[in-house]
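Colleague:
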């Protein structure tokens, strides 16, 4: 009776729900037939008088003015990735981007149902977060919308799932969205089109049938079947329960004068498994002997005048796992710790469970008084600051089903025997005055746990003996101002347990000894060229106490040698040449006593090689140059060069004076040079008369400022001109030129005949690399001095360019000495221009 009442209530609710939905027009049938391949997630129903549940706050509403009608509104929404719902309101299309699929489910608005043009909406696709769900899954909690799915089957083409074309009706094929999908949807074959009655007809026949009136109920003399709304709810069962029932509900319900026929069929089941189905021709089918997996069923309900079908699934879940209690394991279960170690580790990570362990808990069950550990509930427990005693720790583990298990671990901390220290003050020591300082070393004292304190004292019997003691609380006692006699010092060491030990050491201070050291410079040595070095060894020198100083020196030899370590017992001597050398070793002991020894070294030459002259290489220099320096010191010989000789090559300039004696030395110096090419030949000769020559060329280029040089002769002796007068003269000259210039002095000399001071300089423009022409500078200065000869404070006898730059009117040459023009034949000097004009010589 209760079952019948429940079924009656469900049927009544289905009927009430049907009244809430509007009938679907021909567009719905036509358009949605074409949409599934483009919109596989489309929920094929138009909800009239419905709006999204979340209103305007749970989505973005975008108006599409170019989409006319619901068909275009849904079609454009399908192509936009962020469009989830198509909404028509006041003949305008809106695309809705939902925040969540649940907030975009349809909500019936009764206050809008009576409008002439109520709003309508279509569910196009869920949001990305719900892409694994269909609209049926999202609407699963709303029974009224599940009923609406039944109306959808009545109003829209059958969305029949299939695995192959044999699962579909005649003139239909199974269409899969991609190769990875196991199932697809039944759709019309090529050349066929689904009509308003959801039957695939040939395209020409479908067009003729669609042109017939909708109200026609006679086709081939038979009445047209009514569409039944059938609903079947999927179920879920968990093994070991393997039985379940599925029920089909219809709208309208059965009547006394019209009974329905039910046919349940299995669409798919888990591979390799079977089940039992009974009462498959009743509204409720019984399923038994089910296996783990998914079963899919279809139920068809029919009568002579009506037909409908629905689909339902049965999910058989695996049996729940039978939990096993965890096993607590601590490693090591027992351990011994010996002081001074105070740490231990307990590891519980080896504990086991059939699922997983979710917590570890440590407790101290037993331990010494006063020990308060900080136990952290982790798989590995780190213990420290343990004190002697016995410990028992309890571990409790809990699994995911909150079942626990415990075990214990024991730790024994032992106090190891602390042995007293052993003092060691070192060996007895003898020193000789004047040495009166000493360091005693007690670092050989030992203790099993380390020495905590050191203390040095004098023996009670030596309290009146004078000595200065420092660092008495360290292993190293520093003594000073010791006097002749015997001292006894006591070392006391103490460990952390206040255990101590003492040791004595004796120091004997003796009067000075008169025995000097004995120097030993080693045996005489003979080497042959080209070897030019020898090792001198004086380490066999002896002293009754200690040698504190070594010193090597050369007594005689053909060349000056070089010592690598003249104040060490062993030294290397280099730069030896052919001949005999004597070296002296002097050693000094602590008391200042000395001794010496001499070692002889003979350097022989088995075969002489000629020297190699090197004049230093060709070079180019730019005048002015005070002296030409040519270095031939890189010339070499296996023994030594005994003679150097520089000579001037016949092709060389003759002018220039060789500084006396430098032509017979490695470095040649030449003065009074002029621009041109100098060539010198160097000849070197060794002791055996073998020689070698090398030639060097030096090109002296003219002074680049030669044409800019100005010579100013002062009416003052060169021996009277001071530095301050010279500086003042330069400042005055710079002011007279009235430009931003620098005056660069090239030479300051005394005139050979008169002894007057002569200044040679050139004028460089500031900020530029160019110099003013010499004649221009002379002209400016002459004009200024002509107006006032006292502008420079020093009297000027002459001012002219350093070299004569007078072109003699183009018909003569200027004599450098007299600065007078030597005119060509038939030309003479214009005396009027010279004496009454600019004063320059001319032709």
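In mature numbering (1 follows the signal peptide of the UniProt record, and there is no 0), the protein residues as written are -22 to -1, 1 to 821.
All C-beta atoms in this analysis are idealised placements derived from N, C-alpha and C, irrespective of residue type, glycine included.
(1) Output needed for residue 822: all residues of its chain with C-beta closer than 7 Å, excluding positions within five of it in sequence on either side, in chain order.
(2) Less than 6 Å between C-beta atoms, sequence neighbours within five positions excluded: which residues of the same chain meet that for residue 602?
(3) Once the 5 residues before and after residue 95 are set aside, which same chain residues still bring their CB inside 7 Å of it?
(4) Starting from the N-terminal side, write out each stretch of the alpha helix (DSSP H) that is 4 residues or longer and does not extend beyond the stretch 611 to 695.
(5) Report the rounded CA-to-CA distance for residue 333 versus residue 427, giving the unit in angstroms.
(6) Are the stretch 801 to 809 and the stretch 751 to 760 in contact at 8 Å, needing three or more beta carbon pairs?
(7) Pairing CB atoms from the stretch 661 to 681 with CB atoms from the stretch 693 to 711, are three or more of them under 8 Å?
(8) Is residue 415 helix, strand or coil by DSSP?
(9) Less than 8 Å between the CB atoms is what I'm expecting for residue 403 and residue 467, so what's the real figure, rounded?
(10) According to DSSP, residue 286 sits in a beta bridge with which residue or residues?
(11) My assumption, with CB atoms under 8 Å, is that residue 523 sits in contact with residue 491. Please give the rounded CB distance.
(12) Between which residues of its own chain and residue 589 is the CB-CB distance below 6 Å, once the five residues before and five after are set aside?
(13) Looking at the unbroken alpha helix (DSSP H) that takes in residue 755, where does it start and where does it end?
(14) Could you give the DSSP three-state label for residue 341: helix, strand or coil?
(15) Under 7 Å Cβ to Cβ from residue 51, same chain only, skipping five residues before and after it: list those, please.
(16) Return the chain-ordered list of same chain residues with a C-beta closer than 6 Å to the C-beta of residue 829, the five sequence neighbours on each side being excluded.
(17) Does DSSP classify residue 559 as helix, strand or coil?
(18) Which value, in whole angstroms, describes the spacing of the CA atoms of residue 650 and residue 677?
(19) Starting from residue 316, trace the beta strand (DSSP E) both ways and give me its first and last residue.
(20) What residue range is occupied by the uninterrupted beta strand (DSSP E) comprising residue 712?
(21) Would you call the CB atoms of residue 279 and residue 213 closer than 8 Å?
(22) Taking the beta carbon of residue 497 as the centre, do at least 16 other beta carbons fall within 10 Å, making it buried, or is it exposed?
(23) Measuring CB atoms only, is the stretch 709 to 717 touching the stretch 630 to 641, in the sense that at least three cross pairs come out at less than 8 Å?
(24) Starting from residue 789, follow its DSSP beta bridges and name the residues at the other end.
(25) Please look up how many angstroms separate the CB atoms of residue 272 and residue 248, rounded, as I've assumed it's under 8 Å.
(26) For the stretch 370 to 380 and the stretch 447 to 456, state whether three or more C-beta atom pairs, one from each stretch, are separated by less than 8 Å.
(27) Where do the N-terminal and C-terminal ends of the alpha helix (DSSP H) with residue 114 fall, by residue?
(28) Classify residue 408: buried if its beta carbon has 16 or more other beta carbons within 10 angstroms, exposed otherwise.
(29) Output yes or no for whether 8 Å exceeds the beta carbon distance between residue 692 and residue 773.
(30) Out of 515, 604, 103, point me to the one whose CA is closest to residue 79's CA.
(31) Can at least three beta-carbon pairs, one atom from the stretch 511 to 522 and one from the stretch 427 to 441, be found at a separation below 8 Å?
(32) Is DSSP giving residue 36 helix, strand or coil here?
(33) Please classify residue 86: does DSSP put it in a helix, a strand, or coil?
(34) With distances taken Cα to Cα, identify the nearest neighbour of residue 627 among 769, 612, 338, 659.
(35) In terms of alpha-carbon separation, which member of 310, 424, 366, 27 lies closest to residue 400?
Modeller: Walking through what the data contain:
(1) Any question about residue 822 goes unanswered here, given that the chain covers just -22 to 821.
(2) One-based indexing of the chain shown puts residue 602 at position 624. Contacts found: 681.
(3) Stepping through the chain shown from its first residue, residue 95 is reached at position 117. Excluding sequence neighbours, residue 95 sits near 68, 69.
(4) none
(5) Taking the chain shown and counting its residues from 1, one reaches residue 333 at position 355. Taking the chain shown and counting its residues from 1, one reaches residue 427 at position 449. Cα to Cα, the separation comes out at about 50 Å.
(6) no
(7) no
(8) Stepping through the chain shown from its first residue, residue 415 is reached at position 437. Coil.
(9) Sequence index remark: in the chain shown, residue 403 carries index 425 (1-based). Sequence index remark: in the chain shown, residue 467 carries index 489 (1-based). Sure, about 7 Å apart at Cβ, within 8 Å.
(10) Position 308 of the chain shown, counted from the first residue, corresponds to residue 286. Answer by DSSP bridge pairing, in chain order: 279.
(11) Against the chain shown, residue 523 aligns to sequence position 545. Against the chain shown, residue 491 aligns to sequence position 513. The Cβ separation is near 7 Å, so the contact holds.
(12) The sequence position of residue 589 within the chain shown is 611, counting from 1. Excluding residues within five positions, the ones whose Cβ falls inside 6 Å are 615, 619, 662, 664, 670.
(13) Within the chain shown, residue 755 is the residue found at index 777, counting from 1. Looking at the DSSP string, the run of the alpha helix (DSSP H) that includes residue 755 is 752 to 765.
(14) Translated into the one-based positions of the chain shown, residue 341 becomes position 363. Three-state DSSP puts residue 341 in a strand.
(15) On the chain shown, residue 51 is found 73 positions in, with the first residue counted as 1. Once the five neighbours on either side are set aside, the close Cβ partners of residue 51 are 42, 45, 64, 66, 71.
(16) Since the first residue of the chain shown is -22 and the last is 821, residue 829 is not available in this structure.
(17) Taking the chain shown and counting its residues from 1, one reaches residue 559 at position 581. Here residue 559 sits in strand by DSSP.
(18) As a working mapping, residue 650 is identified with position 672 in the chain shown. As a working mapping, residue 677 is identified with position 699 in the chain shown. Each residue's Cα considered, the two are about 14 Å apart.
(19) Taking the first residue of the chain shown as 1, we reach residue 316 at position 338. 312 to 316 is the span of the beta strand (DSSP E), which, as asked, contains residue 316.
(20) Your numbering for residue 712 matches position 734 in the chain shown. Run containing residue 712: none in the beta strand (DSSP E); it sits in the alpha helix (DSSP H), 701 to 714.
(21) For the purposes of this step, residue 279 is taken as the residue at position 301 of the chain shown. For the purposes of this step, residue 213 is taken as the residue at position 235 of the chain shown. Their beta carbons are not under 8 Å apart, which means residue 279 does not touch residue 213 by this criterion.
(22) In the chain shown, counting from the first residue as 1, residue 497 sits at position 519. When all chains shown are included, residue 497 counts as buried.
(23) no
(24) Along the chain shown, one-based indexing puts residue 789 at 811. None; residue 789 has no bridge partner.
(25) Here the question's residue 272 lines up with position 294 in the chain shown. Here the question's residue 248 lines up with position 270 in the chain shown. So it is a contact: roughly 7 Å between Cβ atoms.
(26) no
(27) By 1-based counting over the chain shown, the position of residue 114 is 136. Per DSSP, residue 114 belongs to the alpha helix (DSSP H) from 113 to 116.
(28) Position 430 of the chain shown holds residue 408. Per the 10 Å Cβ criterion, exposed.
(29) Numbered from its first residue, the chain shown carries residue 692 at position 714. Numbered from its first residue, the chain shown carries residue 773 at position 795. Closer than 8 Å, so yes.
(30) Residue mapping note: residue 79 aligns to position 101 of the chain shown, counting from 1. For residue 79, the nearest C-alpha among the options comes from 103.
(31) no
(32) The sequence position of residue 36 within the chain shown is 58, counting from 1. Here residue 36 sits in helix by DSSP.
(33) Position 108 of the chain shown, counting from 1, holds the residue named residue 86. Three-state result, residue 86: strand.
(34) Translated into the one-based positions of the chain shown, residue 627 becomes position 649. Nearest C-alpha to residue 627: 659.
(35) Looking up residue 400 in the chain shown gives position 422. Of the listed residues, the one whose Cα sits closest to residue 400 is 424.
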